[in-house]
Amino acid sequence: MHFLLTPVFLVSASAIAYEILLVRLLSIVQWHHFAWMIISLALLGYGVSGTVIALARRWLEPRFELAFSASALLFSITMVTCFLLGQNLPFNALEIVWNPRQFVWLGLLYLVFVLPFGFAASCIGLAFTCRNQQVGNIYFADLVGAGFGALVVIASLFVLQPQQALILLSATALIASAGFMMSRKLRPPAGWVIGAGQVAWLLVLVLLFPADRIELRISEFKGLNQALQVTGARVVAESSSPLGQLTVVESPVVPFRHVPGLSMRSSHAPPDQLAVFTDGDSISTITRVESAPEQLGWLEDIPPALPYRLLEQPKVLILGAGAGGDVLLALHHGADQVDAVELNPQMIELLRDRYAAYSGRLYEDERVRIHVSEARGFVTRSGEVYDLIQVGLLDSFAVSGSGVQSLNESYLYTVEAMQTYLEQLEPGGLLAITRWLKVPPRDSLKLVATLLEAMRLNGAAEPGRQLAVIRSWNTVTLLARNGEFTSEEISIIREFARQKSFDTAYYPSMPPDEANRFNRLDQPWLYQGITALISENASRFMDDYKFHIGAATDDRPYFFHFFKWRVLGEVLELRKRGGAGLVEWGYLVLAATLVQSLLLGVLLILLPLLLVRRDWPVAEGGRMSAYFFLLGLAFLFVEMAFIQKFILFLSHPLYSVAVVLAGFLVFAGLGSHFSADLEVAFEKRGFSAVVAAVAGIVLLVLSYLVLLPWLFAQFMGESDAVRIAIALVTIAPLAFCMGLPFPLGLRYAASQVPGFIPWAWGINGFASVISATLATLLAIELGFTYVLLMALFLYVLAALLFIHLGRDRPVSSAQKCYLD
Amino acid sequence: MRPGSLSPLLIALLLFSPVAADAASYKEERAALIEEVRIWGKRDPPPGKRSFDEKVLSALNEVRRHEFVPRNARDEAYANHPLPIGHGQTISQPYIVALMTDLVNPEEGDVVLEIGTGSGYQAAVLAKLVKKVYSIEIIEPLAKSASERLDRLGYENVETRLGDGYYGWEEHAPFDAIVVTAAASHVPPPLIQQLKPGGRMIIPVGGRFMLQYLLLIEKAIDGEIVTRQITAVRFVPLTGQH
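Chains as they are written, first to last, in this note's numbering: chain A, 21 to 840; chain B, 7 to 248.
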């Protein structure tokens, strides 16, 4: 039996690993949410394979061994070739607003990536269909394999280049193909053809393995490629991890001079810098420091210098230290102690090793302590208090301005985050955040709304008296004080702004005519907005504002999402007059993804299924279809909501994805493994195992909604290992229950209507494709709690449907013949 | 109007004289584009005006934009949107070119500095309006091709060079106007110094295919600097009374 289960395990492991790896690869060559879209549509391959199997079942069944080996081999081949082909298609995500041709390229991209997923799914689907006596075990091997694949690929990306990981994954699928074929002794000539294919492909993989053999073709519109166009610019260092690909670029002929918000009155020449790009974009710079940091005059002339005018020798916490710009700023201004938190250890290595001398040994200064951690987790765990907490400006304006990050979750800028920061401030201490200015203002106002809400929740009577905001022509710096600003402090803020030609956008009791002096907006939008947000009319103002600027929360952590549907018509009309920048297109792309996956799913999965001869009553087929559809939706809803919920607890989005995904898949696999025994056990007591499983899911999810925040608070300070263990213990029972309904449904089908199994597989695949996108849209609009409640509703519906299965063809349970 | 909508007779003529007909059809497309820009300019005029300056529109009408886009994108040369021109650069949306040109108030005797030659299109438009245009490009192949193109098309009052735009073009300073075609993280102080008192500098801010706003920098006679963030369209972010 293991001759089948091992290849299923391997194929399933490489398929999910390939999915995670593709997100990484496509995030480097394109942008993250397009990666997401392409892959979620490529998963249609799962559904398509079900349909193909359904159509060709009679032909495939006697040729199972051949079909399985061939599919695994083709999966192995297309994994690499389709990626190479895909990155050579001239798709330009940024042009999609203008050029309808881009939709053609995008469509081709989907089709290209449907292939590998389709072949992977064919292996699993073939096993289900042709060996349906072992459904529970196959599903077990499939899920455990997937869980294993998710963990291994993320871990391997710490040591391998993504291109190399791709080759190894391809090799894994090749092993599955070869191993299965050898165990079955396929007869010539078909066996020989596949065998020759395997050997030939192995040779290709060996040739492609060295990291430099596959070149990543990064979009020419990403910051890295733009920088490299300049005469003399070149890449001087590169490192890669699942956190991102870092590329260091030097440009001796035309220096970078990346100093956002530098005063136009500055008489200081900008410093020499090296640029560090993350995934080909998001510039961060390493500044050359040859003298004492105190002598770098330009550090006086940027908006983030403001808090240092108000504090003497502060103890500073920097969240998002990046390549050290804010650390340099703090040292220049005589900070007493600097705690710098950065997520990516490779970024820190750059400054500690290779560029230590270049950066003036910034990260070795005795006042500086470096912490590799996610920002929120660090603040919560450390428990230290600071005079100044500074959140760095790490996203590039081009990225911010093009709205491609509008779907990124950010736990740095939520109400709960602000509450935590504010609680760690000394009396009189400051929280300082700098953002790019958009016109009309969006993130700056959303940040103010988020801060005000946090201050209110922390008990501030008049939060408006604890807030001050200045702006340059392209940046906004917000200060939130622990306690009300004094009149001396306000004078200092005004004087600083005047000296540097920055505008004050808000401070307590600011006269309106001061709002728009040096850098004039059509209207003093920012001042008016902030004043309105502080007033009693805040909620009406937020409703009437054409962008979504309501506070971001941990439940809806979409700080960069500003889009409101009601402005779509207006903006589309304004697009040709330069109004395209008024929309964050990421959200629309996501909505488009949902529509596309619905259409393509119907076209490629559901319509062809109608061609299959159906030997079951229509009503029964409808109920079973709905059952598998609901399960597909609900499973991913829960999984995605849990990934989100655990990001903060596990202090890292990657840990969360790896642990939650692996946990869900492995324990659901276990559930599947025991599903047959459990069904018998429950039947004896007159229960349906599906109903019992759904009851378990409902109870567990509801109790977790109440218990998880408490649990997180209790164990936040524990080590990584302990927190991962706690996460797995919480996930285990839930995932176990969630692993039951699908194989139970399949077993029912196998015993009653075997012809339905490919349908079940296809419909479930169709639902999974829609589910991921739908869950994100729902989370953006309504929050993750809602997504979870919705999932429960879907599970309950599925259970009701299951109870009613077989109504048209009454079969007593005693008559059911289970084939295991 | 596109060739597809021409009368059969015209199509027959097209077959016999492809070059002339090509030029004729571009001319029509260009006129249609300018008309589109004119109408929208009336609906959303530049700040303090009622419409685009006619001389700006006629300058746009005189420049053969299709010569400035890659050969394979010529059929889109007169569509009102930005186009990629290679090397990660774009030729701006015609509407934005009109707006930027209008905002710097070009006068016949003016000397203008452009930072970022790109395809040379903006320089060509300015060349129709002012005495002299100096243009600096940072990317070598673009600098070369734009310079050849401008020479070939007879723009004698445009001088281009490859180089770092941050320090402007000292020997020809001061300038009546400066047009920067892509924003950096800050406005280079040397450019502000090379702007004549009373002069204007314009910088588009945002992504390559998506303008956020235009930054207009005005240097008063006394040297005082005021910047204005101008959205290309009149978009009031608020509905209702506040």
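Just so you know, even glycine gets a beta-carbon here, dropped at the ideal spot from N, CA and C.
Name the chain B residues whose beta carbon is nearer than 7 angstroms to that of residue i?
{"i": "tyrosine 565 (chain A)", "result": "Pro243 and Leu244"}
Quick check: is the beta carbon of residue i nearer than 8 angstroms to any beta carbon in chain A?
{"i": "isoleucine 40 (chain B)", "result": "no"}
{"i": "serine 191 (chain B)", "result": "yes"}
{"i": "leucine 201 (chain B)", "result": "no"}
{"i": "phenylalanine 58 (chain B)", "result": "no"}
{"i": "leucine 217 (chain B)", "result": "yes"}
{"i": "aspartate 108 (chain B)", "result": "no"}
{"i": "alanine 238 (chain B)", "result": "yes"}
{"i": "histidine 72 (chain B)", "result": "no"}
{"i": "aspartate 81 (chain B)", "result": "no"}
{"i": "histidine 178 (chain B)", "result": "no"}
{"i": "tyrosine 140 (chain B)", "result": "no"}
{"i": "valine 186 (chain B)", "result": "no"}
Within the same chain, show all residues whose beta-carbon is closer than 7 angstroms to that of residue i, passing over the 5 residues directly before and after it, in chain order.
{"i": "phenylalanine 655 (chain A)", "result": "Met758"}
{"i": "valine 49 (chain A)", "result": "Gln107, Leu236, Arg237, Ile238 and Ser239"}
{"i": "threonine 793 (chain A)", "result": "Ser60, Leu610, Thr613, Leu614 and Ser617"}
{"i": "glutamine 235 (chain B)", "result": "Tyr219 and Leu221"}
{"i": "arginine 514 (chain A)", "result": "Thr524"}
{"i": "alanine 18 (chain B)", "result": "Residue placement at alanine 18 (chain B) cannot be trusted, given a pLDDT of 47 that sits under 50; what the coordinates show is reported in the next sentence. Closer than 7 angstroms at Cβ, skipping near neighbours: no residue."}
{"i": "methionine 106 (chain B)", "result": "Val185, Ile208, Pro210 and Leu220"}
{"i": "arginine 11 (chain A)", "result": "Here chain A comprises residues numbered 21 to 840, so residue 11 (chain A) is not present and cannot be evaluated."}
So, at 6 angstroms on beta carbons, what are the nonlocal neighbours of residue i in its own chain, with the 5 sequence-adjacent residues on each side left out?
{"i": "serine 420 (chain A)", "result": "Below a pLDDT of 50, predicted positions are generally treated as unreliable, and serine 420 (chain A), at 45, falls in that range; the measurement from the model is reported next regardless. Counting only Cβ-Cβ distances below 6 angstroms, and skipping sequence neighbours, we find Trp456."}
{"i": "proline 460 (chain A)", "result": "Trp545"}
{"i": "lysine 466 (chain A)", "result": "Ile569"}
{"i": "aspartate 346 (chain A)", "result": "Ile338, Gln410 and Gly412"}
{"i": "glutamate 362 (chain A)", "result": "Ala341 and Ile368"}
{"i": "aspartate 463 (chain A)", "result": "Arg455"}
{"i": "leucine 16 (chain B)", "result": "Residue confidence is low: leucine 16 (chain B) scores 46 on pLDDT, short of 50, so the model does not pin down where it sits. Its coordinate-derived value is still stated next. So the list is empty, once near-sequence residues are dropped."}
{"i": "phenylalanine 538 (chain A)", "result": "Ser521 and Asp523"}
{"i": "histidine 178 (chain B)", "result": "Tyr140"}
{"i": "alanine 161 (chain A)", "result": "Leu25, Val28 and Phe29"}
{"i": "isoleucine 306 (chain A)", "result": "Leu294, Ala343, Tyr375 and Ser379"}
{"i": "leucine 748 (chain A)", "result": "Gly683"}
So which residues of chain A does residue i contact, with C-beta pairs closer than 8 angstroms?
{"i": "histidine 93 (chain B)", "result": "Glu240 and Gln249"}
{"i": "threonine 233 (chain B)", "result": "Met284, Trp493, Phe538, Asn539 and Arg540"}
Anything in chain A within Cβ reach of residue i, meaning under 7 angstroms, just list it in chain order.
{"i": "glycine 258 (chain B)", "result": "Because chain B spans 7 through 248 in this model, residue 258 (chain B) falls outside it and cannot be assessed."}
{"i": "tyrosine 172 (chain B)", "result": "Arg277"}
{"i": "valine 211 (chain B)", "result": "Asn494"}
Can you check whether the C-beta of residue i is within less than 8 angstroms of a C-beta belonging to chain B?
{"i": "serine 302 (chain A)", "result": "no"}
{"i": "tryptophan 781 (chain A)", "result": "no"}
{"i": "leucine 51 (chain A)", "result": "Looking at the sequence provided, one finds tryptophan at residue 51 (chain A) rather than leucine. No, its Cβ sits nowhere closer than 8 angstroms to a Cβ of chain B."}
{"i": "serine 521 (chain A)", "result": "yes"}
State the CB to CB distance for the pair residue i and residue j, rounded to an integer number of angstroms; the pair is presumed to be in contact (CB under 8 angstroms).
{"i": "serine 617 (chain A)", "j": "isoleucine 790 (chain A)", "result": "5 angstroms"}
{"i": "isoleucine 777 (chain A)", "j": "alanine 787 (chain A)", "result": "The pair is not a contact, with the Cβ atoms about 16 angstroms apart (cut-off 8 angstroms)."}
{"i": "leucine 764 (chain A)", "j": "valine 710 (chain A)", "result": "5 angstroms"}
{"i": "phenylalanine 200 (chain A)", "j": "proline 27 (chain A)", "result": "4 angstroms"}
{"i": "aspartate 182 (chain B)", "j": "aspartate 116 (chain B)", "result": "4 angstroms"}
{"i": "proline 100 (chain B)", "j": "leucine 132 (chain B)", "result": "Actually they are not in contact, since the Cβ atoms of proline 100 (chain B) and leucine 132 (chain B) sit about 14 angstroms apart, beyond 8 angstroms."}
{"i": "threonine 4 (chain A)", "j": "valine 399 (chain A)", "result": "Outside the displayed span of chain A (21 to 840) sits residue 4 (chain A), for which this structure offers no information."}
{"i": "alanine 188 (chain B)", "j": "glycine 122 (chain B)", "result": "5 angstroms"}
{"i": "valine 256 (chain A)", "j": "valine 269 (chain A)", "result": "7 angstroms"}
{"i": "serine 109 (chain A)", "j": "leucine 129 (chain A)", "result": "A small fix is needed here, since residue 109 (chain A) is leucine in this sequence, not serine. Rounded, the Cβ-Cβ distance is 6 angstroms, consistent with contact."}
Residue i touches chain B at which residues, Cβ-Cβ below 8 angstroms?
{"i": "glycine 601 (chain A)", "result": "Gly212, Gly213, Met216, Leu217, Gln218 and Tyr219"}
{"i": "proline 280 (chain A)", "result": "Ser191 and His192"}
{"i": "glutamine 246 (chain A)", "result": "Gly94"}
Starting from the beta carbon of residue i, find every residue of chain A whose beta carbon is closer than 9 angstroms, and list them in chain order.
{"i": "tyrosine 127 (chain B)", "result": "Those within 9 angstroms of tyrosine 127 (chain B) in chain A number zero; the least Cβ separation is about 16 angstroms."}
**OP:** Could you name each continuous alpha helix (DSSP H) segment of 4 residues or more that falls completely within the segment 599-633 of chain A, going from the start of the chain to the end?
**Re:** 605-621
**OP:** Counting only runs of 4+ residues fully inside the segment 272-345 of chain A, write out the alpha helix (DSSP H) ranges in chain order.
**Re:** 326-330
Original post:
If you scan the segment 513-556 of chain A from start to end, which runs of the beta strand (DSSP E) of 3 or more residues do you find wholly inside it?
Top reply: 523-526
**OP:** Output the residue ranges of the beta strand (DSSP E) runs that lie fully inside the segment 159-225 of chain B and measure 3 residues or longer, sorted by chain position.
**Re:** 164-168, 181-186, 201-212 and 217-225
**OP:** Could I get the ranges of all uninterrupted alpha helix (DSSP H) runs contained in the segment 422-502 of chain A, with 4 residues as the minimum, in chain order?
**Re:** 435-443 and 463-477
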